[in-house]
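>
As structure tokens, this is what we get:
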């Protein structure tokens with residue numbers, strides 16, 4: 009429930025930042041492509057949609073995971089009452105868990121406690137896997153030289169950065185999240201491969217970026 013509440017209160021900020029990103033990209037393309045702007049943007053619309061969704065995903069993840077829990081509800085309350093929304097939140101936390109929770113409960117040796125822990129932990133782990141699936145799916149459309157190893161490293165690095173920053177914003181850093189996020193990115197890439205096999209034409213069209221079309225047009229005019 010707390011996570012849903014955080015998402016709801018962070019949504020205006022997420023949409024606002026995403027809109028700024030999209031507007032800046034649109035202006036850059038308008039300036040770069042000139043008279044061919046509409047033609048190129050239309051031809052590359054699938055790729056642009058994927059890029060926009062990935063940008064929104066990254067912004068959402070940053071806004072929700074890199075602030076203390078309950079920050080956004082307190083943020084809006086402080087804004088309404090004209091108070092500083094940051095003064096009560098930022099502090100250093102040294103709460104780091106280097107052992108996966110399941111292994112910890114196995115090491116305790118209490119079967120009843122283990123079953124209770126599994127029931128409690130597994131949904132959280134699956135959610136952390138699912139959250140990073142979009143990254144693994146989107147990267148091959150944006151970076152054509154992507155491979156499962158590169159996607160794995162991207163997921164690992166991004167997740168590590170999140171866990172590292174969480175260490176300093178009053179949230180617990182857990183090895184479980186790092187492992188599950190990385191597995192989620194890999195699962196997303198495998199899902200991309202399945203889509204590529206089932207819908208090869210759609211996949212190739214989705215990889216066609218505005219910059220590729222612009223370079224092709226420039227080469228054709230030479």
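In this note's numbering, the protein residues as written are 9 to 230.
In this text, a Cβ means the ideal position worked out from N, Cα and C, and glycines have one as well.
In this text the structure is predicted, and so the values were computed from the model without any measurement.
#1: Could you check whether the region 188–200 touches the region 213–226, counting it as contact only if at least three pairs of C-beta atoms, one from each stretch, sit closer than 8 Å?
#2: What does the alpha-carbon distance come out to for the pair residue 60 and residue 25?
#3: Would you mind reading off the limits of the alpha helix (DSSP H) that contains residue 205?
#4: Provide the residue span of the alpha helix (DSSP H) that contains residue 62, from first to last.
#5: According to DSSP, is residue 31 helix, strand or coil?
#6: Counting beta carbon pairs with one atom in the region 180–193 and one in the region 137–151, are three or more of them shorter than 8 Å?
#7: For residue 85, count neighbouring C-beta atoms within 10 Å of its own C-beta (all shown protein chains included) and say buried if the count is 16 or more, exposed if not.
#8: On a Cα-Cα basis, can you pick out the residue from 132, 88, 79 that is closest to residue 183?
#9: Whose CA, out of 218, 71, 225, 38, lies closest to the CA of residue 57?
#10: Give me the Cα-Cα distance between residue 12 and residue 68, rounded to the nearest whole angstrom.
#11: Thinking C-alpha only, which one of 163, 34, 17, 164 is nearest residue 50?
#12: Considering residue 173, what are the terminal residues of the alpha helix (DSSP H) in which it resides?
#13: By Cβ distance below 6 Å, which residues in the same chain neighbour residue 173 in space, the five residues on each side in sequence not counted?
#14: Using the rule of at least 16 other Cβ atoms within 10 Å of the residue's Cβ for burial, across every protein chain shown, is residue 228 buried or exposed?
#15: Give the straight-line distance between the Cα atoms of residue 147 and residue 157, rounded to the nearest whole angstrom.
#16: Suppose the cutoff is 6 Å on Cβ atoms and the five residues either side in sequence are ignored; what does the same chain contact list for residue 199 look like?
#17: What's the call for residue 78, buried or exposed, on a 16-neighbour Cβ count within 10 Å?
Inspection of the coordinates gives the following:
#1: Under the three-pair Cβ rule at 8 Å, the region 188–200 does not count as touching the region 213–226.
#2: Residue 25 has its alpha-carbon roughly 12 Å from the corresponding atom of residue 60.
#3: First-last of the alpha helix (DSSP H) with residue 205: 183–206.
#4: Segment 53–73, the alpha helix (DSSP H) holding residue 62.
#5: The DSSP-derived three-state label of residue 31 is helix.
#6: Cβ pair count under 8 Å is three or more, so yes.
#7: Answer is exposed; the Cβ neighbour count stays below 16.
#8: Ranked by how close their Cα comes to the Cα of residue 183, the residues 132, 88, 79 have 132 in first place.
#9: In this structure, 218 is the residue among 218, 71, 225, 38 with its C-alpha nearest to the C-alpha of residue 57.
#10: Cα to Cα, the separation comes out at about 12 Å.
#11: When the alpha-carbon of residue 50 is set against those of 163, 34, 17, 164, the nearest one is in 34.
#12: Unbroken alpha helix (DSSP H) run through residue 173: 156–174.
#13: By the criterion of a C-beta distance shorter than 6 Å, residue 173 is surrounded in its chain by 74, once the five residues flanking it on both sides are discounted.
#14: That one is exposed.
#15: Roughly 12 Å separates the two Cα atoms.
#16: Here residue 199 has 145 as same chain residues with Cβ atoms under 6 Å from its own Cβ, once five neighbours each way along the sequence are excluded.
#17: Around the Cβ of residue 78, a 10 Å sphere holds fewer than 16 other Cβ atoms; the residue is exposed.
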